[in-house]
Amino acid sequence: MCGLVGFTLPRNGDNAVLEDMLSSISYRGPDQSNILIDKDFAVGHKRLIIISPNGGLQPRYDSCKKKFIAYNGELYGYSLLTKELQEKGVQLSDSSDTEVLFQMIQNYGIKKTLNKIDGMFAFVYRDADTGNIFLARDKHGEKPLYYSVRNGRLFFASEIKALLRHPEFLNVNIDMQSIDQYLTFDYIPGSKTLYDGIKKVLPGELVTFNNKGIIKNDFYYRPVANMDDITVNNSLDNNNLIGLLQRKLETSVRDRLIADVPVGIFLSGGLDSSLIAAIAGKISPGIEAFTVKFDGSSYDESEEAKQVARKYALKHHIFHYNDADLVKGWNSVVKKMDEPFADASIIPTYLLCKGAKERVSVALGGDGCDELFAGYPNFKAMRFAPYLKNIKGNTSKIIKAVINKLPPSHKYMSLPFILSQISNGFGHEEMRQSYLWMSPFSSQERKQLFSCAGSLDTVFGEVDRVMKNINNYGEMDMVTKLQTNFLSFYLPDDILTKVDRSSMYNSLEVRSPYLSSEFVRTAISLRSDLKLNRMTTKYILRKLALRYLPYNIVYKKKHGFAPPIARLLQGGLREQVEYVLRDRNNTMATMFNMDYIENILKEHMLGTYDHRKKIWSLFVLFSMDKKFI
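With the numbering used here, the residue at position 253 of the sequence shown is 862, and numbering never jumps.
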């Protein structure tokens, strides 16, 4: 894993600027650092050594220093690509995947290369012949890359904070629409960021910057099934499909166990990570596994994790964190965050990565499975969405009033909490309901809170734009449509962002076997009833898992990786939360109805209402003031 920064048309003194930008993300690559400056460009790289410790120095460039690549990521199965290049007569300077990628682009072209490789990556490549600079990101968004064009110059970096170190960004403005989106999604979806003019390279996107300063955006990948794959899979019976998935998943796990440093696995106790742990345990006996345990039975899955670890003789480590540990974890995370991100599971994920880093440099996780196999409760709930769509006006108000009378609970996914979240979707189009069920604020609450709140049509603009392009690939049933939404937004902008930041803040690499190109290709082309069968999510994956795991784990109720936020807000974090949200000098305070915030704060602290999502979302946003604005 690595971190990269750079810009075009460097000026006097920009050497020091480049070094400063690079230092802001040093945790991404503590093992090696290097810069390359030419009259046309300046690029810097920080490396975390995982493969080829004696090679892989970046930026990689040709003899004239006109072609270069700065690359963050891992290519899987690259030894086969190495052999392919050597058979073509290509001379490789070392055995690193960086060199393989660099030579592939020169020999095959960038688009063909992107379609050939399997990995998690973000990179910048300069073509000496055209002068074009290309920015590319992996198919699912495992690795981040941000960019901005200012005064005819291109700026790029692995994280926003590095861009903000450059003098061109001293007067950067907050994007108000992005705040509106954040208050709806708990993250900022798509290409936008908190800052006006700073964009994300999207998953599967290739961005081109030419010598005229023009940006062109192309997609080499969309998360949609290939018709040929659908035809092939429909011809197979369930047993053969299970075997096909098994072979591809085992290959993916095996590829992701390859490293020149110690490798471990994350084991939550749920189905997704347990299946990966089981396969990894068979391939690499005695591999180390890492589990987080919280105080409170409704948040704890450690017993199931122990069961899997015993079955496969894993070297099992359980990190038991109390509320004080979670507070310390949050304070460590927020110091490094450069954009609001309200998925509170980033705290235990960070602590898990911190503990794992003491023993390994690479860990395998179970991310991507829920998106591929309709694993979220949203998929089951979509059956009721057409009825909820018709709950409007006074009927909606009456039902919400009844829900609000239910006694609040700190428990994970308590009934009052679930009903309150579902009510956010009342009266809205089916697909939007799924997002609103996870939203901290209903559309009406958002308007009460935020003076600049727009309509949902505005908030969902980015989502609608991307989905319109994807829908051109063909008709989709409701399960497939929701799956595509999750793969396009929630997976990269929430789940994988959380994993990337949590791991990189600890200089740890996390790999996701479920996101291998071949496994995803097979999974997304399966019939919907093999993913959601009546009310059984992950239907065919559970059948596969029974070949490795006991029934009680395979059919265990889904449990998210969530800390007890409601309890923390009234306990260990209370003083900090109240201070931040009552600070009327906070930059964010001018945008909001502070009396509304004061009211929900009092109600939660008194225990009359459970406002955990609202308060946490605002607390995270307001915490941005102290560092970057």
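The C-beta atom is built at its ideal place from N, Cα and C for all residues, glycine as well.
In this structure, N1195 keeps its C-beta atom at 8 angstroms or more from the C-beta atom of Q1057. Within the segment 1051 to 1129, the alpha helix (DSSP H) runs of at least 4 residues that lie entirely inside it are, in chain order, 1052 to 1058, 1065 to 1068, 1070 to 1080, 1087 to 1094, 1105 to 1113. Distance from the CA atom of R831 to the CA atom of L1124, rounded to whole angstroms, is 14 angstroms.
Per DSSP, the continuous alpha helix (DSSP H) segment holding I955 begins and ends at 955 to 966. Distances from the alpha-carbon of P1122 to those of G977, L1096, Y1148 put G977 closest. Judged by DSSP in its simplified three-state form, K915 adopts helix. Three or more Cβ pairs closer than 8 angstroms define a contact, and the segment 1168 to 1186 meets that threshold against the segment 931 to 941.
Around the beta carbon of F993, fewer than 16 other beta carbons sit within 10 angstroms, so the residue counts as exposed. Comparing C-alpha distances from Y985 to each of S1005, F1059, L1091 shows the shortest one belongs to L1091.
With a cutoff of 8 angstroms on beta-carbon distance, L694 and L710 are scored as not near each other.
With fewer than 16 other Cβ atoms from the protein chains shown falling within 10 Å of its own Cβ, P662 counts as exposed. For H925, the three-state secondary structure derived from DSSP is strand. For A951, there is no enclosing alpha helix (DSSP H), as DSSP marks it with neither H nor E.
When C-beta atoms of the segment 613 to 633 are compared with those of the segment 649 to 661, three or more pairs fall below 8 angstroms, so the two segments count as touching. A1171 places its beta carbon less than 8 angstroms from that of S954. When DSSP reads this structure, S642 sits in a beta bridge with K655. Per the DSSP secondary-structure output, A679 pairs in a beta bridge with V733. Apart from the 5 residues on each side of it in sequence, K902 sits with its Cβ closer than 8 angstroms to the Cβ of D909, S911, I927, F928, H929, Y930 in its chain, given in chain order. Around the C-beta of E1084, fewer than 16 other C-beta atoms lie within 10 Å, and the residue is accordingly described as exposed. Annotation: A868 is outside any alpha helix (DSSP H) and is labelled neither H nor E by DSSP. Beta-carbon to beta-carbon, Y804 and V781 are separated by about 5 angstroms, close enough to satisfy the 8 angstroms threshold. The residue among H1019, P949, A965 with its C-alpha nearest the C-alpha of T793 is P949.
When the five nearest sequence neighbours on each side are left out, the beta carbons in the same chain lying within less than 6 angstroms of the beta carbon of L1141 are those of A983, F988, V1088, in order along the chain. One thing to note: S883 has its Cβ no nearer than 8 angstroms to the Cβ of V862. Within a 10 Å sphere around the beta-carbon of D1086 sit fewer than 16 other beta-carbons, which makes this residue exposed.
Closest by C-alpha distance to M1040, out of V1011, Y996, L866, is Y996.
Residue pairing for R762: DSSP places it in a beta bridge opposite R759. For the pair G664 and L1215, the Cα-to-Cα distance works out to about 59 angstroms. Taking C-beta atoms as the reference points, A1132 and W1046 fail to come closer than 8 angstroms. Contact check for I1012 and F1035: beta-carbon distance about 10 angstroms, past the 8 angstroms limit, so the pair fails to qualify. For the pair G964 and F875, the CB atoms are not nearer than the 8 angstroms cut-off. By the neighbour-count definition (other C-beta atoms within 10 Å, threshold 16), Y1114 is a buried residue. Residue pairing by DSSP places Y670 opposite F677 in a beta bridge.
Secondary structure of L803 (DSSP, three-state): coil.
Note: V901 is bridge-paired with F928 in the DSSP secondary-structure output.
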